[in-house]
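Everything on this sheet refers to the single structure shown next.
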Amino acid sequence: MKKNSSTTQFLFLALSVSIGHVVSALKGHKEALLVIDVQNCFLPGGSLNVEGGERIIPIINQLRERFEVVAFTRDWHPKHHISFASHHEGMKVFDEITLQYDKDGNLCSDPSRKTSNITEKDCSEDEIEHTVKQQVFVDHCIMDTPDSALSQELVKQKNDIVVNKGSNPEVDSYSAFFNNGGFEKTELEALLDEKQVGKVYVVGIALDFCVFWSAKDAQKLGYETIVIKDATKGIFQESMDHAVEEMTKQGIQILTSESVLGSGKEEL
Ligand SMILES: [Zn+2]
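The numbering of the sequence shown is this note's numbering, which starts it at -4 and goes up by one.
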């Protein structure tokens, strides 16, 4: 009897651990539309205009009618931001820089860099924990300005989720979920989980930067992830091709809006 009881206890414990593990990896059953950075700054007349960005807005408005959960992200930078070429001596827009951070996410100083107004720390080799490569851009999407507002043309509803990213002056955030070093999270995953989302459809700007990194992180976090390609706009053809290839390799589906809108509403 004693043996049976402890065997039962062991089995129960093993089962709980196993179920617990599976449950923690599972997401909810709902679907969400993630609209990445459809802000004035990335549209005609904006600080970092991505050509043709305005043409995806009617498609996004049509798509959103099919979703119970819609989340918008905003690139939301302070006036001085590490991703601005103007803060890096001799750097041109779209040049690549290398940034290093310690374990607490402090930016390590680099004598070749001119980053007045951005806090840096002298790090020893041992202290460097994260090395991040990224492009630099024109000054763009400064928080709380008309330039960083979501496009007026987008249909918005009061229950929509809005998440800001890139607000830390020392580190950029292409992804809607994590910063570029992967050491800081936005609230997006928690908000989607609260609404029991398990599948995300990603659209917006730019396909080869923020859409790409957001989709990759969504997939990594356990969401079934789809990118609706004609509801995105990118910057460089070569990096867009690379992004699509990488996403496909990782199991992210690339669909057209026609195929999503054409499928029955009951399936969404
Ligand atoms: Zn930015």
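Here a beta-carbon is modelled for each residue, glycine too, at the ideal position from N, C-alpha and C.
*Whose C-beta lies closer than 8 angstroms to the C-beta of SER107 among residues of the same chain, with five residues either side of it excluded?*
Within the same chain, SER107 has close Cβ partners GLU84.
*Among residues of its own chain, excluding the 5 on either side of LYS128, which ones have a beta-carbon nearer than 7 angstroms to its beta-carbon?*
Excluding positions up to five away in sequence, the list reads GLU91, THR93.
*At a cut of 8 angstroms, does the segment 73 to 84 reach the segment 123 to 141 through at least three beta carbon pairs?*
Contact holds between the segment 73 to 84 and the segment 123 to 141, because three or more Cβ pairs, one in each stretch, are under 8 angstroms apart.
*For the segment 156 to 168 against the segment 178 to 189, are there 3 or more C-beta pairs whose distance is under 8 angstroms?*
Remark: three or more beta-carbon pairs, one from each stretch, lie closer than 8 angstroms, so the segment 156 to 168 and the segment 178 to 189 are flagged as touching.
_Straight-line Cα distance separating PHE178 from SER119_ = Cα-Cα distance, rounded: 19 angstroms.
*Please name the residue in GLU49, THR220, LYS87, ILE137 whose C-alpha comes closest to that of TRP71.*
It is ILE137 whose Cα lies nearest to the Cα of TRP71.
*In three-state terms, what does DSSP make of LYS224?*
It is a strand residue.
_HIS125 to LEU29 span [Cα, whole Å]_ = Linking HIS125 to LEU29 through their CA atoms gives a straight-line distance of about 28 angstroms.
*Along the chain, which unbroken stretches of the beta strand (DSSP E) at least 3 residues long are found entirely within the segment 79 to 131?*
Qualifying beta strand (DSSP E) stretches, in chain order: 91 to 96, 125 to 130.
*At a cut-off of 7 angstroms, is HIS72 close to ligand 1 when judged by its beta-carbon and the heavy atoms of the ligand?*
Checking the Cβ of HIS72 against ligand 1 gives yes.
*Please state if the CB of LYS25 and the CB of GLY193 are separated by a distance shorter than 8 angstroms.*
In this structure, the beta-carbon distance from GLY193 to LYS25 falls below 8 angstroms.
*For GLN34, does the count of other Cβ atoms within 10 angstroms reach 16, so buried, or fall short, so exposed?*
That one is buried.
_Any non-hydrogen atom of ligand 1 within 7 angstroms of ASP322 CB_ = Only positions -4 to 263 of the chain appear in the structure, and residue 322 is not among them; the question remains open.
*Apart from the five residues on each side of it in sequence, which residues of its chain come closer than 6 angstroms, Cβ to Cβ, to ALA201?*
Only VAL45, GLY229, ILE230 meet the Cβ criterion.
_Any non-hydrogen atom of ligand 1 closer than 7 angstroms to HIS82 Cβ_ = Residue side-chain check: HIS82 keeps its Cβ at 7 angstroms or more from all non-hydrogen atoms of ligand 1.
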